[in-house]
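Here's the structure we're looking at; comments come further down.
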Amino acid sequence: MRAEYVIGEAATNLRRNVLLVLGAILAVFVSLFMTYMALVVNEVARNSAERWQEGISIIAWLDDADLADHTLITNEVAGWDEVERAVYVGKAESWQEFQTMFADNPALVETVDPASLPASVRVELANNENHQAIVSRLVSIPLVDEVVEASDAVEDTLEASRLLNTGGIVLGVALGLSAVVMISNTVRMAIYARREEIGIMKLVGASNWFVRTPFLLEGLIEGLIGAGLAVLAGWFGYRWFISNLDLGIIDTDVPQSFLVSRGLIVLAFGAFAGAVGSLVGLRRYLQESK
Amino acid sequence: MIRLQGVSKVYDGSTVAIRDANTTIQKGEFVFLVGPSGSGKSTLIRLLMREEKPTSGEIWVAGRNIAELPDWKVPYLRRSVGTVFQDFKLLPNKTVFQNVAFALEVIGRPRGMVAQQVPKVLKLVGLSSKSERLPRQLSGGEQQRVSIARAFVNRPLILLADEPTGNLDPATSVGIMRLLDRINRTGTTVVMATHDHAIVDAMRRRVMQLERGRIVRDESRGVYEGPAVTDATPTVNGLMPTETNGQHSPPAAGASQEVAASPAAEASPAAEASPEPEVSPEAEDSQEVVATPGELDEG
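These protein sequences, in sequence, are chains X and G.
Just so we're aligned, residue 4 is where the first sequence starts under our numbering, counting upward by one.
Just so we're aligned, residue 21 is where the second sequence starts under our numbering, counting upward by one.
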């Protein structure tokens, strides 16, 4: 089978049904863009969630001191009425946390001296209304170096990102299925447009793969173009997002390697969806004798 | 070449299209399948090209039981079985040359072979001068010639024809029959379904009659209506060109290759003598096949 024949036939199919082909590419693009973004948001949320555990809304970083002094402060804070829970995180635990948070950035981990990481008290409030009062009371404690808080906006964002994470993946899967259906429809239309030709091909003994390959390539191209656009849009969208929006304490930095590896997965999935779509579209038309 | 053993084809569990068919067709034979519409002629053709599988029985084609042939091998069967249909099945947007070349291209034949074989076979069917025309610029008879050229260009062992003259007027049909006869003389087995009395009676070849899915008659050098020939002669005189007259007397003993289409038969004694499937007719010979008066009027 000549490569130029297969490519030529696939190109003809793509040209003949421009609108359908664009529709299929768009379907792949939308679904894979959603999936890609969901993956990135998931990563951002995972990074942040490690520190902002469920319910923890204030962190008081402590100056170095004896464990006894630290325990005293923790106990005192825990005793406040407005406080639901106060958890002490020592220097060793901080170091562990830091290592997990930046596990994909070993160079950074290398440069940090475990001793330089401060201990902290993580505070969970019973009621968010007392937020400001608690923050000022924490600041006034002599051994407290700095107080950081999850503002409502941050809470909202975290909540949203969790929703986006599940919703995005569910939506991505649903749209991914629709992309497969769109591609199989497009291929089916291409087959329908050429049914005479295919009938004659089979009559004179063209092998099934000879008939199939151009359509398979067509689906593959549609899937890959859609996925490629999704990755590009996701990549630049993310760059724009982190340079234009300041989400404060949420760590929005996702390593390049993550973007690349997930981008490749998305591309592979696009190709896969294209191939599956065209095979589904081809199945009925290439059935042999009954 | 072809052997049917207890072949039945039942549709939807109840409609019987072919009922216990048993027969053998030798290499190089020319067989007419006759019978009324719905008698199973077309089903038999479709079974032979494995467009359909028999419900039971064995169909041996070129040494293989095609009832058991896996689907993926069907294309390879089709390469040794040429097919011609009533509706020509040409691609409207391809020229005559491209239509014929298509059959070789899609089975992966090298370009050099295509360039060499297509003009040869177009010459055989008498369409060398029209190779750049589109099908719609041709008469029905010419379109059928293209379709025969496409079926034959790959030099199949068997040529199956399902009502090849069904859409053509009698005079044009004669030209097509001469062509099929000529192809048969190269050693190609021809099986043709038809209900054209005149053609069958004129050709005097093996006739297999089907009646509600059964082979009810099988005669070598038979006619359409069974052993009683009396009513066939007047019809033939009315339809066929004069040259076919005289062929309706009982065939001379031993003249097994005798046919109605005498010019074609006389013109290629070499092809008759040698069984090799190579056809290289003289140019004027092809012209002679084309120049049937009825066909020229048709366009």
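We treat Cβ as the ideally placed atom computed from N, Cα and C, and that holds for glycine.
Item	Value
V256 (chain G) versus P74 (chain G): straight-line alpha-carbon distance, rounded	Low confidence applies to V256 (chain G): its pLDDT is 43, below 50, so where it sits in the model is not reliable, and the reading given next is rough at best. Cα to Cα, the separation comes out at about 36 Å.
Closer than 9 Å to chain G by CB, A209 (chain X)	yes
Close Cβ partners of S34 (chain X) (< 7 Å) along its chain, the five nearest in sequence each way excluded	G175, L178, G179, S181 and A182
Exposed unless 16 or more other CB atoms sit within 10 angstroms - verdict on Q164 (chain G)	buried
Option in X:F36, X:I10, X:D84 and X:V31 with minimal Cα separation from G171 (chain X)	X:F36
8 Å contact criterion, which I178 (chain G) and T208 (chain G) should meet: CB distance rounded	7 Å
Members of the region 209–221 of chain G near chain X, C-beta cut-off 8 Å	none
Three-state secondary structure assigned by DSSP to S59 (chain G)	coil
Coil, strand or helix - W98 (chain X) by DSSP	helix
Close Cβ partners of I194 (chain X) (< 8 Å) along its chain, the five nearest in sequence each way excluded	I201, F218, G284, L285 and Y288
Cβ distance (whole Å) where E239 (chain G) is taken to contact V227 (chain G) below 8 Å	5 Å
K73 (chain G), DSSP secondary structure in three states	coil
Chain G residues whose Cβ lies nearer than 9 Å to that of I203 (chain X)	K109, L110, L111, N119, F122, A123, V126 and R170
Close-in-space but distant-in-sequence residues of the same chain around R98 (chain G) (CB under 6 Å, 5 per side omitted)	none
A122 (chain X) vs V90 (chain X) beta-carbon contact at 9 Å	no
Endpoints, the alpha helix (DSSP H) within which K143 (chain G) is located	R131 to L144
Buried or exposed (CB count within 10 angstroms, at least 16 for buried), L111 (chain X)	exposed
Amino acids of chain X, ordered along the chain, whose beta-carbon sits closer than 7 Å to that of W92 (chain G)	N211
For E162 (chain G), the residue or residues it bridges with in DSSP	In DSSP, E162 (chain G) forms no bridge with anything.
Reference Q137 (chain G); option with closest CA among G:D189, G:V120, G:K29 and G:V27	G:V120
Closer than 9 Å to chain G by CB, L285 (chain X)	no
Per-residue contacts from P184 (chain G) into chain X (C-beta, under 7 Å)	Near P184 (chain G) there are no residues of chain X at all, since even the closest Cβ is about 14 Å away, more than 7 Å.
Beta-carbon proximity check, A136 (chain X) vs E85 (chain X), cutoff 9 Å	yes
Nonlocal neighbours in the same chain, by C-beta distance under 6 Å from E78 (chain G), ignoring five residues either side	Q25, N85 and A87
Whole-angstrom C-beta distance between M21 (chain G) and P180 (chain G), which should lie under 8 Å	Note that residue 180 (chain G) is Leu in the sequence shown here, rather than Pro. Actually they are not in contact, since the Cβ atoms of L180 (chain G) and M21 (chain G) sit about 12 Å apart, beyond 8 Å.
Cα-Cα separation between G222 (chain X) and A236 (chain X), rounded to whole angstroms	21 Å
Same chain, Cβ closer than 7 Å to F32 (chain X), five either side skipped, listed in chain order	G229, L232 and A233
Cβ shell of D251 (chain G) (< 7 Å), same chain only, five flanking positions each side left out	Residue confidence for D251 (chain G) is low, a pLDDT of 41 falling below 50, so the modelled location carries little weight; the figure read from the coordinates is stated next. Excluding residues within five positions, the ones whose Cβ falls inside 7 Å are E245.
K114 (chain G), DSSP secondary structure in three states	coil
Residue from X:A6, X:F105, X:S97 and X:V126 whose Cα sits closest to the Cα of F261 (chain X)	X:F105
Cβ of L206 (chain X) within 9 Å of any chain C Cβ	The structure shown has no chain C; the protein chains it does contain are X and G.
Whole-Å CB distance - V116 (chain G) paired with S151 (chain G), under 8 Å assumed	5 Å
Spatial neighbours of V81 (chain G) in its chain, beta-carbon cut-off 6 Å, leaving aside the 5 residues before and after	I22
CB contact check: P95 (chain G) to chain X, cutoff 9 Å	yes
is_contact[Y8 (chain X), chain G] using C-beta, thresh 9 Å	yes
Rounded C-alpha distance that separates S193 (chain G) from R215 (chain X)	37 Å
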